[in-house]
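Below: one structure, written as structure tokens.
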Amino acid sequence: LEIKNSKFLNSKADAIDIDSSQNVKIQNIEIKNAGNDCLDFMQTTAVVYQSKFSSCKDKGISIGERSNIKINKNKIDKSDIGVVSKDDSVVILTDSFILNNKLGLSAFKKNWRYGNGGKIQLKNVKFGNNDNKAKFDQYSNIDFL
């Protein structure tokens with residue numbers, strides 16, 4: 310699956326919801342004003358590159374259920390939570406901006422079936438004007454590379 314050079318505006322629920330997929334490539338998209346998550350992954354491997362996610366009611370990017378996602382050169386802005394990793398998922402977040410969210414990053418265990426929480430690894434990520442920068446539970450971690 311490849312999604313590129315596209316805009317998604319005013320979705321009533323999740324703008325894009327990708328489940329059980331491999332080698333997904335998302336490049337140069339813009340999602341604005343989603344009723345729930347801008348972008349939601351479950352049991353997926355993907356790369357999200359040079360995109361903008363703004364004003365989503367829940368999460369800018371939600372990653373769960375053993376997903377492995379690389380996020381590079383993105384702007385995540387004005388959502389409840391910028392990026393979430395949960396339920397044994399790994400997120401590598403590089404060269405991106407996390408701005409004006411209620412919570413910048415979150416990692417946690419939601420579903421007991423997965424054993425572990427989420428993991429977020431950061432490199433060259435700029436934060437600004439978030440009410441809170443990051444939060445994670447005892448099953449999860451957020452690390453700087």
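All letters in the sequence shown, in the order written, are residues 310 to 454 by our numbering. Note that the Cβ used here is the ideal one computed from N, Cα and C, for glycine as well.
Task: Cβ pair Lys384, Lys361 closer than 8 Å - done: yes
Open item on the list: Do Phe453 and Ile407 have their beta-carbon atoms positioned less than 8 Å apart in this structure?
Closed with: no
- [ ] Grab the span of the beta strand (DSSP E) containing Ala355 for me, first residue to last.
- [x] 354-358
Open item on the list: Can you give me the C-alpha to C-alpha distance between Lys341 and Tyr448, rounded to a whole angstrom?
Closed with: 31 Å
TODO: Give me the Cα-Cα distance between Asn332 and Arg375, rounded to the nearest whole angstrom.
DONE: 14 Å
TODO: Quick one: give me the first and last residue of the beta strand (DSSP E) that Ser371 is part of.
DONE: 368-373
- [ ] Can you give me the start and stop residues for the beta strand (DSSP E) that Leu454 sits inside?
- [x] That residue, Leu454, is in no beta strand (DSSP E); it is neither H nor E in DSSP.
Task: Same chain, Cβ closer than 6 Å to Val356, five either side skipped, listed in chain order - done: Lys334, Lys379
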